[in-house]
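Comments concern the structure below.
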Amino acid sequence: MLPEIQQRIQTKFVEAVRAAFNLEVPPPAMDSPPNLEMGDISLAGCFELAKKLRQAPRKIAEQLAPLVSNLEGVERVTVAGAGYLNFHLDRAQTAARLFALRNSSTVAATSDRGKILVEHTSINPNKAAHIGHLRNAVLGDTFTRLLRFTGENVEVQNYIDNTGVQVADVVVGFIHLEKKTLQDVAALIEAASAPGLPRAARFDYYCWDLYARVFQLYEKDKDVLKLRAQALKDIEEGHGDTAAMAELISTAIVRAHLETMLRLNIQYDLLAQESEILKLQFWSAAFELLKKDKAIRIEDTGKSAGCWVMDLADSTSENEIEGADAEDTKIIVRSNGTVTYVGKDIAYHLWKFALLGKDFGYAPFYRYPDGHTVWRTTVKGEAGAPPFGHASTAYAVIDTRQSYLQNIVKAAFHTLGYHERAANLHHFAYEVVGLTARCAEEMGVVLSDEDRQRPYVEVSGRKGQGVKADDLIDTLIARAAEEVSSRNMAQNPAEVYDYARKIAVAALRYFLLKFSRRIIIAFDFKEALAFEGETGPYLQYSIVRARNIVRKFQDAHAEFEPDQLPGAFTPEQLQEYFKGEDGPAYWELTLLAGQLEMIVAQAINSEEPAVVAKYSFRLAQAFNNFYHHFHILNEPDALRQKFLLYLVVITERTLTLATEHMGIEIPDRM
């Protein structure tokens, strides 16, 4: 509901608990009752109090109800069920304030929580991005947008593992399979970046196939893995042409990744490169901290002899590591002196919270069309860089398969005594994305009969089986263009493409958002692009419909200005409409439109952007039901017609905000 009403209710509840029971409690979570007759906002805080007071929740609620009743904007408070406090709002006052809120360009007050750092995408820079990477990026970007909507200072980072195994594998492929020199690779990159080339000629596409060939080579001859180990050591230590080739490859592919993600309206502030973590001795500083606090030790015997390891068997309940029963120790530094991924990740996360006493140099890397610059870490750096890092809270958007390693990072923080920072270090985990069998075959993936029976087709870059992100986006745009043309939405080719791009992006982003992040999803073209049902195009269509209603009314009434609608009604007239025969339908739409801020808060607290996607669909459905029930443009009563337009404008502006939070643009026509 409206932010100020929510805050007043929460504050009043805290004060009432203090007065009645001499207890200090945090502001309670808010929800909606099952139906409008029961109220508009519901608090379940009495159930938590029951544990402390040893009283029935309903008895507590009955004691608190009189103390929270006298609130501006609240008509009355009732007790429901086993102990819920339900608030019935003043409908006319709420509607008037909601219109003012949606008519305002004022942004949320700046949060005092300090900087929030969101790390997402973080694709290995060894080949083209695929659909699984898109889920990561869309989740991270949407979560960032939600945080910024609430006034948070958010910095978006994309971690570039440019010294890791995957890059080493591509280097092995170029040197040992293709017999290419550093100069050959440089020439290949330059040739692949020439304007006008088909997408399949791009360098990241070339490396996609090469990486699969290298993996097949390893499977045939395990001795060849020695080449990987040597390449990895040379890259980490910055030796010769091997390290130079790795830098050349990763830089070219990162640039391609940025352009892929920009197609989905995704931008970054900083590319944090693993190479600088090593060159600037971030890892060395972290290594000394870990040794000093005995968080790691050197193994003397067994298969890990000569390695620095972290003991996991003795994890306390405070820093217990999920999955630790699989092994008692975790190697942090290999016997040959190279650090493992988790070791470098520990150093990176310590830097995020300014706990290393070190900083990167920074240099501009890429300028977006809107002028925003993404910087990348360097050794020396350039003047003019924003202040990066120094986070108070950090979210790492990484799939669930990395949960074990992320928990080791958190355990390292606890072992070093950084308990508060560990609590503010969040693994924003998500499940993988597959394809329906139909979608996979449409994209050219060869399937067996067994594959077709599975709930989804899993993608694998190592096996070369999967769908490149840009190919998927291109196919979506082509399908959307067919819809645009068949519906006569546009005729000009440039306009057709623009509409198709917006529809395709909405289809893809909404599909990746509408499922809980903990659910494995199977992408399907037909389902994602549908103009009816729970899809991005349906949200776009609903907003365009609302805007068309207002536009058509303006065409017939040149003097009409939507922002002046509130002045057409007295509070008594608004109340009369909400209390009349159609009042419940009017109020249902208004109340739902007023819940956006509450829904965003729920999405942030639960780290679940799907909450906003589901809400947006419910609001779009409610609006379309409203549209079919009330003939707005043919309404004979002029004042009632303006009231209906009043509700249309509130809904359109709310839906527009919600879709902006999901990175969805709205075409002019649909």
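Under the numbering used here, the sequence shown is numbered contiguously, ending at residue 660. Built from N, CA and C at the ideal position, the CB exists for glycine as well. Since the model is a prediction, treat every value here as computed from it, not as a measurement.
Residue i (DSSP reduced to helix, strand or coil)
i    : result
K569 : helix
N76  : strand
R138 : helix
I388 : strand
I113 : coil
D461 : helix
E145 : strand
E410 : helix
I225 : helix
G424 : strand
H618 : helix
G434 : coil
A262 : strand
E65  : strand
P24  : coil
M479 : coil
H380 : coil
D553 : helix
I656 : coil
A512 : strand
I664 : In the structure as shown, the chain starts at -9 and stops at 660, and residue 664 therefore has no counterpart that could be examined.
A314 : Here the model assigns A314 a pLDDT of 43, short of 50, so the residue's position is not dependable, and the following value carries that caveat. DSSP places A314 in helix when its eight states are reduced to three.
K269 : helix
Distance between beta carbons of residue j and residue i, contact taken as under 8 Å
i    : j    : result
R87  : L26  : So it is not a contact: roughly 19 Å between Cβ atoms.
S393 : H416 : Their Cβ separation, rounded to whole angstroms, is 12 Å, which puts S393 and H416 out of contact at 8 Å.
A648 : S606 : 4 Å
A246 : A118 : 7 Å
L75  : C36  : 7 Å
N397 : L261 : Actually they do not touch by this definition, with Cβ atoms about 25 Å apart.
Y489 : A496 : No, Y489 and A496 are not in contact; Cβ-Cβ is about 11 Å, not under 8 Å.
V7   : L33  : About 11 Å; that fails the 8 Å criterion.
K105 : N60  : That belief does not hold up - the Cβ atoms of K105 and N60 are roughly 39 Å apart, past 8 Å.
Buried versus exposed call for residue i [16 or more other C-beta atoms within 10 Å across all chains shown]
i    : result
E264 : buried
H362 : exposed
V122 : According to the sequence as given, residue 122 is Gly; it is not Val. It counts as buried.
I509 : exposed
I288 : exposed
A546 : exposed
P527 : buried
T134 : buried
A295 : exposed
G313 : With a pLDDT of only 45 at G313, under 50, the local geometry of the prediction cannot be trusted, and the value read off the model is given with reservation. Counting Cβ neighbours within 10 Å, G313 comes out exposed, since fewer than 16 surround it.
G73  : buried
K269 : buried
K458 : buried
G379 : buried
The alpha helix (DSSP H) enclosing residue i, as first and last residue numbers
i     : result
S32   : First-last for S32: 31 to 33, but that is the beta strand (DSSP E), not the alpha helix (DSSP H).
P527  : 526 to 546
F193  : 193 to 210
P483  : 483 to 504
T649  : 628 to 651
I398  : 393 to 405
D301  : No alpha helix (DSSP H) contains D301, which is instead part of the beta strand (DSSP E) from 298 to 301.
I(-1) : -7 to 11
L54   : 47 to 54
A85   : 81 to 92
D439  : 439 to 443
CB of residue i within 8 Å of CB of residue j, strictly
i    : j    : result
L466 : L498 : yes
H110 : D80  : no
L425 : R469 : no
T641 : I656 : no
V676 : V69  : Because the chain spans -9 through 660 in this model, residue 676 falls outside it and cannot be assessed.
L579 : Y636 : no
I256 : V157 : no
D389 : N126 : yes
M652 : Y531 : no
I243 : P354 : no
F633 : A575 : no
Beta strand (DSSP E) segment containing residue i, residue limits
i    : result
M251 : No beta strand (DSSP E) contains M251, which is instead part of the alpha helix (DSSP H) from 230 to 252.
T291 : T291 -> no beta strand (DSSP E), and no H or E assigned at all.
V364 : 363 to 368
Y356 : 351 to 357
T328 : Note, T328: premise wrong, no beta strand (DSSP E); not H, not E.
CB contact check: residue i to chain C, cutoff 8 Å
i    : result
A496 : This model lacks chain C altogether, as it is built from one protein chain only.
Closer than 7 Å: residue i CB and nearest the ligand FAD heavy atom
i    : result
M300 : By its list of ligands, the structure shown contains no ligand whatsoever, and the ligand FAD lies outside what it can speak to.
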